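Numbering (the numbering used here), first residue to last: 1 to 567.
What follows is the structure in structure tokens.
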């Protein structure tokens, strides 16, 4: 299903190698990347980025690592991670980016399963590899980002680069854009991780599409917050800015995001819903705690909503300048992905003059399939399909909701060493996303939930747990929830929920009402909140049982609850 899009003109590229060297030629002495904490390579211009890539690539060739060798990469977000990634792309290696938050056994398993023959890593992982070197028999070289000196066990990335003489682009190999370029082992919110195979053409296509829909400029400053191994941050938060000549600034931590925004005067920040939910909650608490602001702010939002419709677009930024300054005063776009955004949070941040846009995609699609645009968006939708993407809804129900199928040059090659799973995931060239949704009359995609999460009620109706969780999570007393089906005494499927309470909200309740926090208070309050939610649900969707959890749910890198560990 195709719809007319308002698109920006962007340079045509066929590979990541072509993209990075084109940008280096155009933007030369402009800042490309910067670490906000101390690392061996703290910042680089586009010319220095090119120089580092060529030198590091020469060093890898001199180690007799031939083209197409599989090389694992694991570290924190930093300039050296990006230099490593772009070097491996440019010199025709196959990259295996690994989640830094995995357990030791999971890391070792990916290194083994991916057939890697070298590993580039930060000091935080030196013990993992030093202690398990005998198990990694295929690995020829261990390359440490932080060590200045070399040892019998580890090579120094910095020393490998420094030893090389400056070269030119004639040393670069010819890239076949359709070849395997990257194997990404998905975090798997539903179970065991799979190795997604992407080509440089997949990534290049997604880059061109993304920037044509959301124009990015050389003046933009990206704050990199999300784990860079994840394809959402890697494609949108690293490759997109390099393609656009923007600068990337690596945040110190999630706790310092607001400070780091101020420090670099960030213009674009990518995040998952949880990041923006917390940000919005903090803003609203400060407003509600101030009598004058709690009276004035809602009226000012209404006023500026009217003036914005009349074409006066900058008034919000002027009126809410104090709030804008807390986030650096330069934010152009907040982009949310990884999971569905809360429309209330979206409208709330937009009310203060921030452009807040969400997109949708999967690792298997490089990753973006749809995105909202600055002047063409719906807060309850996942956006419009990218120009190279085709979508269709298969086996829709009476509400038009069916499985989302996708087709395009950004769709993966398949799963690594898993032909059976690959065959199951494709249907006559269409990629089966496993997500359910519908496309509205304006061409916007709306996500209902994951196909595997759907609960079939006693009456045979489909219940989407994400819909109920969204309503539960609006309660000030509920931090997070998980809804699923379980059997009652008659073996009928009923709706159940596990709840993680918001401790801070109960503390405030205790102080305001001068009562003690105990199990009865928590249970009764949550019961009232569930009754409130149930009033808005049809009979077959109502929550019948609930359980209070003591600990937060275990989550993936993009903060999705690992459902398979719970229900």
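Idealized CB from N, CA, C, for every residue including glycine.
Just so we're clear, the structure is a prediction, and the values are computed from it rather than from any experiment.
Please classify residue i: is it buried, with 16 or more other beta-carbons within 10 angstroms of its beta-carbon, or exposed?
{"i": "residue 15", "result": "buried"}
{"i": "residue 311", "result": "exposed"}
{"i": "residue 78", "result": "buried"}
{"i": "residue 169", "result": "exposed"}
{"i": "residue 416", "result": "buried"}
{"i": "residue 298", "result": "exposed"}
{"i": "residue 515", "result": "exposed"}
{"i": "residue 564", "result": "exposed"}
{"i": "residue 489", "result": "exposed"}
{"i": "residue 82", "result": "buried"}
{"i": "residue 135", "result": "exposed"}
{"i": "residue 8", "result": "exposed"}
{"i": "residue 282", "result": "exposed"}
{"i": "residue 439", "result": "buried"}
{"i": "residue 39", "result": "buried"}
{"i": "residue 189", "result": "Summary for residue 189: the model assigns pLDDT 45, below 50, so the residue's position carries little reliability; its value from the coordinates is reported in the next sentence. Label assigned to residue 189: buried."}
{"i": "residue 548", "result": "exposed"}
{"i": "residue 19", "result": "buried"}
{"i": "residue 433", "result": "buried"}
{"i": "residue 230", "result": "buried"}
{"i": "residue 217", "result": "exposed"}
{"i": "residue 286", "result": "exposed"}
{"i": "residue 437", "result": "buried"}
{"i": "residue 84", "result": "buried"}
{"i": "residue 420", "result": "exposed"}
{"i": "residue 465", "result": "buried"}
{"i": "residue 471", "result": "buried"}
{"i": "residue 166", "result": "exposed"}
{"i": "residue 453", "result": "buried"}
{"i": "residue 171", "result": "exposed"}
From the DSSP output, read off the bridge partner residues of residue i.
{"i": "residue 493", "result": "487"}
{"i": "residue 327", "result": "Answer by DSSP bridge pairing: none, since residue 327 is not bridged."}
{"i": "residue 33", "result": "44 and 248"}
{"i": "residue 402", "result": "437"}
{"i": "residue 286", "result": "Partner(s): none; residue 286 has no beta bridge."}
{"i": "residue 430", "result": "427"}
{"i": "residue 449", "result": "436"}
{"i": "residue 118", "result": "71 and 141"}
{"i": "residue 352", "result": "Partner(s): none; residue 352 has no beta bridge."}
{"i": "residue 415", "result": "196"}
{"i": "residue 223", "result": "249 and 269"}
{"i": "residue 334", "result": "269 and 356"}
{"i": "residue 462", "result": "456"}
{"i": "residue 407", "result": "390"}
Am I right that residue i and residue j are in contact with their C-beta atoms under 8 angstroms? What's the rounded C-beta distance?
{"i": "residue 553", "j": "residue 497", "result": "Actually they do not touch by this definition, with Cβ atoms about 12 angstroms apart."}
{"i": "residue 561", "j": "residue 482", "result": "6 angstroms"}
{"i": "residue 5", "j": "residue 213", "result": "7 angstroms"}
{"i": "residue 280", "j": "residue 345", "result": "5 angstroms"}
{"i": "residue 413", "j": "residue 199", "result": "6 angstroms"}
{"i": "residue 208", "j": "residue 389", "result": "Residue 208 to residue 389, Cβ: 12 angstroms. No contact."}
{"i": "residue 364", "j": "residue 306", "result": "Actually they are not in contact, since the Cβ atoms of residue 364 and residue 306 sit about 43 angstroms apart, beyond 8 angstroms."}
{"i": "residue 377", "j": "residue 357", "result": "6 angstroms"}
{"i": "residue 484", "j": "residue 526", "result": "The pair is not a contact, with the Cβ atoms about 17 angstroms apart (cut-off 8 angstroms)."}
{"i": "residue 138", "j": "residue 117", "result": "6 angstroms"}
{"i": "residue 225", "j": "residue 276", "result": "Between residue 276 and residue 225 the Cβ distance is about 11 angstroms, and since that is not below 8 angstroms, they are no contact."}
Is the CB of residue i under 9 angstroms away from at least one CB in chain C?
{"i": "residue 178", "result": "Included in the structure is just one protein chain, with no chain C present."}
Please determine if the segment 243-261 and the segment 214-232 are in contact, where contact requires at least 3 C-beta pairs separated by less than 8 angstroms. With a cut-off of 8 angstroms, the segment 214-232 and the segment 243-261 count as touching, because enough Cβ pairs lie within range.
Segments assigned alpha helix (DSSP H), at least 4 residues, entirely inside the segment 123-211: Those alpha helix (DSSP H) runs which fall completely within the segment 123-211 and span 4+ residues are 126-131 and 157-162.
Between the segment 345-357 and the segment 421-434, can you find at least three pairs of beta-carbon atoms closer than 8 angstroms? Judged by Cβ distances under 8 angstroms, the segment 421-434 makes no contact with the segment 345-357, as fewer than three pairs qualify.
Answer yes if the segment 313-328 comes into contact with the segment 362-379, meaning at least three C-beta pairs across the two stretches below 8 angstroms, and no otherwise. Result no; under three Cβ-Cβ pairs closer than 8 angstroms.
Output the residue ranges of the alpha helix (DSSP H) runs that lie fully inside the segment 471-552 and measure 4 residues or longer, sorted by chain position. Runs found: 503-513 and 519-534.
Sufficient close CB pairs (3 or more, under 8 angstroms) joining the segment 258-270 to the segment 330-348: Three or more beta-carbon pairs drawn from the segment 258-270 and the segment 330-348 are found closer than 8 angstroms, and the two stretches are therefore classed as touching.
Stretch pair the segment 82-101 + the segment 168-180: three plus CB contacts closer than 8 angstroms: Contact between the segment 82-101 and the segment 168-180 is present, with at least three C-beta pairs closer than 8 angstroms.
Is it the case that the segment 446-461 contacts the segment 232-244, given that we only count it when at least three CB pairs across the two stretches are under 8 angstroms? The segment 232-244 vs the segment 446-461: no contact.
Closer than 8 angstroms is the cut-off here; do at least three beta carbon pairs connect the segment 196-214 with the segment 41-61? Because the criterion of three Cβ pairs below 8 angstroms is not met, the segment 196-214 and the segment 41-61 do not touch.
Do the segment 42-50 and the segment 63-76 make contact, defined as three or more Cβ pairs closer than 8 angstroms? No, the segment 42-50 is not in contact with the segment 63-76.
Using 8 angstroms as the threshold, is the segment 94-110 in touch with the segment 121-137, meaning 3 or more CB pairs across them? Counting C-beta pairs closer than 8 angstroms gives three or more between the segment 94-110 and the segment 121-137, which meets the contact rule.
Cβ pair count under 8 angstroms reaching 3, the segment 525-542 against the segment 457-467: Contact between the segment 525-542 and the segment 457-467 is present, because at least three Cβ pairs lie under 8 angstroms.
Residue ranges of each beta strand (DSSP E) within the segment 354-392, 3 or longer: Listed in chain order, the beta strand (DSSP E) elements of length 3 or more contained wholly in the segment 354-392 are 356-361 and 368-371.
Any contact between the segment 146-162 and the segment 117-124? By contact I mean 3 or more CB pairs, one from each, below 8 angstroms. Taking 8 angstroms as the limit for Cβ pairs, the verdict is that the segment 117-124 does touch the segment 146-162.
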